[in-house]
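Down below is the structure, laid out as structure tokens.
Residue numbers (this note's numbering), protein chains in the order written: chain A, 240 to 621; chain B, 240 to 621.
Next comes the structure, spelled out in structure tokens:
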């Protein structure tokens, strides 16, 4: 595969670590990455000149760094992100995150001149090192920190610990990330009690130790917690963005927080959830009425066995509280394979086929194939 | 390790797949799991009777299923979740997700009788299979679906495709998950045009094909999009919960959506992001003023090299838009190692030490060790 010329548009330059044992695998995986993150269509199905020139990824370089490891650098148009925090992640590592042979290694944003709207997508830290040092009054040395824990202690006990640590001179005393709004230590009581304890200690020590509450919940709950904490005079808060959603953190920072935000890594390795569990059980428990997932034999790596378990989990949930929902296998179902896919899943399925239709050709061909697709499914007898 | 008796409280029963090559590794990893997901303290530091009996995980069983693979089943008290969607994930697979030798394999909720508050944490699907079949009028066969794509087409072109697919009789025509609010096809224009196209086609075909817009953005943006779509008469929406945050999906479903929600898997494999990138660059770009991460040599698996890169990325960001922020290495820093950790990171760090302090003993010992910790850091000369 030859390297293309530099993209003529402001680019998000992404480095993927691609595993491939031979050149043809590597070529195929690079081509897949060029397409997956924006157009998500086979190149043959791309007929729009604007899209071909301005949306499809452009290969910058490939560097082999180990036996089967390659650094693949690709430019994507920053315009594809729509200057939105969620869509930025989607372009960066949305579908590719599900491909076993791809890891996200690095990225580089366009310059401020090329992308003046960056702040809309990525607010960046508003206080940073300087802000935290000013708030705690600590300069020229490392800051100290500890956590209030464990879950299950009384509010009084947590406040006592907070006072003990502040009296000892620890700069940042944060909630354990497991302290949410449990009945043992409700958020409002805890914040009030811990603030009181840290203030009393500060009066004695002359230091500026701070208590940092952990915000945990859905957006409306977290925003209420933030407002309460700020009104009470809290000086910084902690959130776990992988639990709450990175885009939500961006909104908190851009629109709501008037204090530094400390990020916790919890749920940062969420991919190591069995796919049948993540998509088959967690998604519906959180409210999904139908769930799209990577079908076997397509661009992704799930086995037939995994897909069977996943579909069964959705259509015949083992949690008694769950109603049946529909699996939507997708991700490179070829048109010629529709019959096999249908035979595999039976009638309790939404057959999602995109590229397999678009590949048909012009609008007349696309329409004809779509009609055939519908006919095929309508006439299917399990 | 012996198996404990059945927990006397309503339990979230979780199955972890643990990799361990010998018995002592397995014992250590099981003990770590029992503690990590709720108390996050060494057992020796647990002195509260209520916590020991009601908060610490209880081992149900260990089953060796392969050479070095073991299914470890643990009960956690459902009370630790505080009936909150985010904290539920936190207990299920928060910190453990970052441990390389652990995968989440399965879980079982308490019964409805044991956990009447389940709906507060996990709303579950509100429409499910029956709802989607009613809306589309499709019974007794598989449903058909395709996607409007690619990013970059005009709104008119997307609407034309929508009409084409609906005319062909495809049941569910959804936005590609990459269609956000980009200038090429703004959300409002796209929803109006595609709804019009699908309605015109339905009048001709007599079918009930539906157009499903993709909601993408921060919570306030997504809620606006949802309201607009519902007001316009959209019959279902799509969101990518791993991008937007699973807790946010729960809130949408519980409080805002009056229609079925289709879930997209994008970003579902987000762990395959290099840690120095996820924590060192993405977290600050999304607004974190300080970032907690797993220190080398602790309970997690990052190397010194990774920690160095991560800390450098935070303190001396290579994105010009980023101000410096502080690394907060954590996760099992032993008190005796504080000097090493300090020597490694220097002064631009927040030293976060929890269990290493709590292990000191009673409150007097804890206070004394905390004072020592502060003294140590204060007097450190790089």
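Even for Gly, the Cβ is constructed at its ideal location relative to N, Cα and C.
Looking at the unbroken beta strand (DSSP E) that takes in residue i, where does it start and where does it end?
i: residue 345 of chain A; result: 341–347
i: residue 615 of chain A; result: From DSSP, residue 615 of chain A is part of no beta strand (DSSP E) but of the alpha helix (DSSP H) over 602–618.
i: residue 462 of chain B; result: Element bounds for residue 462 of chain B: not the beta strand (DSSP E) but the alpha helix (DSSP H), 458–471.
i: residue 565 of chain A; result: 565–569
i: residue 290 of chain B; result: Residue 290 of chain B -> not in any beta strand (DSSP E); alpha helix (DSSP H) instead, spanning 288–293.
i: residue 502 of chain B; result: 500–502
i: residue 591 of chain B; result: 589–591
So what's residue i in DSSP terms, helix, strand or just coil?
i: residue 481 of chain B; result: helix
i: residue 328 of chain B; result: helix
i: residue 534 of chain A; result: coil
i: residue 242 of chain A; result: Low confidence applies here, because residue 242 of chain A scores a pLDDT of 48, under 50, leaving its location unreliable; read the following figure in that light. Residue 242 of chain A: coil per DSSP, three-state reduction.
i: residue 300 of chain B; result: strand
i: residue 580 of chain A; result: helix
i: residue 262 of chain A; result: helix
i: residue 256 of chain A; result: strand
i: residue 495 of chain A; result: helix
i: residue 307 of chain A; result: coil
i: residue 450 of chain A; result: strand
i: residue 455 of chain B; result: coil
i: residue 621 of chain B; result: coil
i: residue 315 of chain B; result: strand
i: residue 269 of chain A; result: helix
i: residue 251 of chain A; result: strand
i: residue 529 of chain B; result: strand
Cα-Cα, which of the options is closest to residue i?
i: residue 577 of chain B; options: B/566, B/586 and B/590; result: B/590
i: residue 359 of chain B; options: B/394, B/313 and B/493; result: B/493
i: residue 267 of chain A; options: A/428, A/439, A/292 and A/311; result: A/311
i: residue 253 of chain A; options: A/564, A/415, A/330 and A/526; result: A/330
i: residue 277 of chain B; options: B/327, B/473 and B/346; result: B/327
i: residue 317 of chain B; options: B/283, B/515 and B/353; result: B/353
i: residue 477 of chain A; options: B/292, B/356, B/522 and B/398; result: B/522
i: residue 603 of chain A; options: B/426, B/504 and B/404; result: B/404
i: residue 379 of chain B; options: A/498, A/585, A/365 and A/275; result: A/585
i: residue 250 of chain A; options: A/259, A/261, A/293 and A/272; result: A/293
i: residue 608 of chain B; options: B/619, B/593, B/621 and B/620; result: B/593
Between residue i and chain B, is the shortest Cβ-Cβ distance under 7 Å, so that the two count as touching?
i: residue 388 of chain A; result: yes
i: residue 250 of chain A; result: no
i: residue 449 of chain A; result: no
i: residue 484 of chain A; result: yes
i: residue 500 of chain A; result: yes
i: residue 380 of chain A; result: yes
i: residue 579 of chain A; result: no
i: residue 247 of chain A; result: no
i: residue 385 of chain A; result: yes
Give a yes or no on whether the minimum CB-CB distance between residue i and chain A is below 7 Å.
i: residue 523 of chain B; result: yes
i: residue 242 of chain B; result: At residue 242 of chain B the pLDDT is 48, less than 50, meaning the model places this residue with poor confidence and gives no usable figure here.
i: residue 296 of chain B; result: no
i: residue 490 of chain B; result: yes
i: residue 454 of chain B; result: no
i: residue 527 of chain B; result: yes
i: residue 532 of chain B; result: yes
i: residue 289 of chain B; result: yes
i: residue 617 of chain B; result: yes
i: residue 364 of chain B; result: yes
i: residue 432 of chain B; result: no
i: residue 308 of chain B; result: no
If you follow the alpha helix (DSSP H) that residue i is part of, which residue opens it and which one closes it?
i: residue 432 of chain A; result: 426–444
i: residue 673 of chain B; result: In this structure chain B extends from 240 to 621, so residue 673 of chain B is not present and cannot be described.
i: residue 517 of chain B; result: No alpha helix (DSSP H) contains residue 517 of chain B, which DSSP labels as neither H nor E.
i: residue 597 of chain A; result: 594–597
In chain order, what are the residue ranges of uninterrupted alpha helix (DSSP H) at least 4 long that sit wholly in the segment 333–415 of chain A? Runs found: 357–360, 367–375 and 394–407.
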